[in-house]
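Here's the structure, in structure tokens; my notes come after.
Residue numbers (full-length UniProt numbering): 1 to 388.
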């Protein structure tokens, strides 16, 4: 329930919503969100989860950006807004939500804890260099740091102005953003921060951030932002603009637009958004990945071989094997792997297809296992599956 909102937010601030999302898309996306509203009026962060401020704000705002009106006998939006206000308003959205709302113009950047782009420019041997983070964490932190450093805010449209009045229990101009910075709804607070963490964050906010954003020290920030964009382009180009997941794809796309609205990179991002969209009986949703084709196909091949169905489904196995062969990553990513915080990828398989570029050890293991059952088939069975 949090993947689609990110894509919609990115399209909205870049003025590309109508380029990718047709009226039919809008209808089906809204139908999906309507179908998964909880009885209390909110939405969960996950489809079966209880209502959270992050899930409710994200999906309520998505409906509004897609053109749904709150006062046209729309009980879904009315209940969603009531849940937000009755639980303290959007100032209590967790950090991830604060970032997106700041980009949309629904939250002031001063209400965020610092996300220093300069950390990407420190020596790599230091233990807290972001390159040492888990891959998903660092690839999401990367564009967040860029947007924070730029303090980018999308266009303030009539819908954004209306939302400022709808999701807060205090007039927007009177919100204490410094106080909101450390607030989080109890429904979203999985791991409360300690007193020491609060002291550190407050110190960084009050003492370090003002220095780094002031002249002449801000020259370091400009250099850091350039370094981050190099890493963003590297990620984009080596995943054919799919990125490791749709979360950082949406953020990367906004970064590319901020750098140059007419860039080829931004246009390539737009072209790959449909890879994440799919429709079923409950509406249109966004996948958490661009698929798991390689992983699932390897299991299907193993099942056919283990149940002695090769003779009956030889042509199916032939096509499956061709797909696996074509999905293997045939090169390493260019450049110094250590500089780009990558490992060898040549010879591996991704979870989805070769375009994705991110080697997955589990998929690679299952893909290799596929080769052995096929190699040890009987002559009769092998004649049904032309492997070479």
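Ideal Cβ placement from N, Cα and C applies to all residues, glycine included.
The structure displayed is predicted, hence computed values, not measured ones.
Query raised in the report: By DSSP, does residue 124 sit in helix, in strand, or in coil?
Result: coil
Query - Enclosing alpha helix (DSSP H) for residue 278 [first to last residue] - result: Element bounds for residue 278: not the alpha helix (DSSP H) but the beta strand (DSSP E), 277-280.
Query raised in the report: What do you reckon, are the CB atoms on residue 340 and residue 367 nearer than 8 Å?
Result: no
**Report entry** Selection from 146, 243, 315 and 201 that minimises the alpha carbon distance to residue 275
**Finding:** Nearest option by C-alpha distance: 243.
Report task. Would you list the residues sitting across from residue 285 in a DSSP beta bridge? Result -> 278
Query raised in the report: How big is the Cα-Cα spacing for residue 103 and residue 152?
Result: 6 Å
Query raised in the report: Quick one: what does DSSP say residue 111 is sitting in, helix, strand or coil?
Result: helix
Requested in this report: Please confirm if the segment 166-186 is in contact with the segment 109-117, defined as three or more CB-CB distances below 8 Å between the two stretches.
Outcome: With a cut-off of 8 Å, the segment 109-117 and the segment 166-186 count as touching, because enough Cβ pairs lie within range.
Report task. Under the assumption that residue 84 contacts residue 167 (Cβ atoms under 8 Å), give the Cβ distance between them as a whole number of angstroms. Result -> 5 Å
Query raised in the report: Taking the Cβ atom as the reference point for each residue, do residue 45 and residue 9 lie within a distance shorter than 8 Å?
Result: no
Query raised in the report: By how many angstroms is the C-alpha of residue 298 removed from the C-alpha of residue 369?
Result: 8 Å
Query raised in the report: What are the partner residues of residue 44, as DSSP defines its beta bridges?
Result: The bridge partners DSSP lists for residue 44 are 51.
Query raised in the report: Hey, residue 225 and residue 117 are a contact pair by Cβ (cut 8 Å); roughly how many whole angstroms apart?
Result: 5 Å
Query raised in the report: Does the separation of the CB atoms of residue 53 and residue 265 fall below 8 Å?
Result: no
Query - Straight-line Cα distance separating residue 58 from residue 5 - result: 6 Å
Report task. Look up residue 328 in the DSSP assignment and give the residues it is bridged to. Result -> DSSP, once it has assigned bridges, lists 349 as partnering residue 328.
Query raised in the report: Would residue 187 pass as a contact of residue 87 if the rule is Cβ separation under 8 Å?
Result: yes
Requested in this report: Could you tell me whether the segment 122-142 touches the segment 26-46, using the rule of 3 or more Cβ pairs below 8 Å?
Outcome: no
Query raised in the report: When the Cα of residue 50 is compared with those of 142, 61, 60 and 37, which residue comes out closest?
Result: 37
Report task. To the nearest angstrom, report how far apart residue 20 and residue 194 are at their CA atoms. Result -> 43 Å
Query raised in the report: Hey, residue 286 and residue 101 are a contact pair by Cβ (cut 8 Å); roughly how many whole angstroms apart?
Result: That pair is no contact at about 19 Å.
Query raised in the report: Where does residue 272 sit, in a helix, a strand or coil, going by DSSP?
Result: Annotated three-state conformation of residue 272 is helix, per DSSP.
Requested in this report: State whether the segment 252-259 contacts the segment 301-310, with contact taken as three or more CB pairs (one from each stretch) at a distance under 8 Å.
Outcome: no
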